[in-house]
Every structure is written in C-alpha cells, then in structure tokens.
Amino acid sequence: MPIMSSDDFSIHRQGCQNVDDGMPISDLPDEVESVDDLDCQCWDDLDSLAEIA
Ligand SMILES: [Zn+2]
C-alpha cells in the first residue's frame, strides 16, 4: 500500500526512507497515471502501477 507523506503530500512506497511520517492510502491520486508521475526514487524499480498493490 502506498503512503502519502504528511510533510509534502508526495506518494511513496511503504518503508521509503524519505518519509518520516506518512499516511497509508488505498488508492493513488487520480493525477498519477504512471510510475513516471511518482517522483521519489523508491518507485524506480517498478515498471508499472499494476505492481503496486
Ligand atoms: Zn519515497
């Protein structure tokens, strides 16, 4: 399950070291259409959003 940083509302994978405090979210925001829309390096090893579950 992705988590949303409470600092800047960026989306991260659970366990991301760039997030001190985050809130689990069950669905990605509508504006996220591909992993390219997710800025953090924690997504780099994913090829598609379908792998996020
Ligand atoms: Zn991250």
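Here the sequence shown is numbered in my numbering, starting from 992 and rising by one per residue. Backbone N, C-alpha and C fix where the C-beta goes; we use that ideal spot for every residue, glycine too. Because the structure is a prediction, the values reported are computed rather than measured.
Proximity winner among the options, relative to residue i (alpha-carbon distances)
i, options, result
"residue 1012", "1002, 1027, 1024", "1002"
"residue 1009", "1026, 1023, 1030", "1030"
CA-to-CA distance, residue j to residue i, given in whole angstroms
i, j, result
"residue 998", "residue 1014", "10 Å"
"residue 1019", "residue 993", "8 Å"
"residue 1035", "residue 996", "18 Å"
"residue 1021", "residue 1032", "20 Å"
"residue 1037", "residue 1016", "18 Å"
"residue 1039", "residue 1005", "16 Å"
"residue 1028", "residue 1007", "17 Å"
"residue 1043", "residue 1026", "10 Å"
Which residues DSSP lists as bridging residue i, in chain order
i, result
"residue 1013", "996"
With a cut-off of 5 Å, give the chain-ordered residues whose Cβ is closer than this to any heavy atom of ligand 1. 1003, 1007, 1009, 1031, 1033
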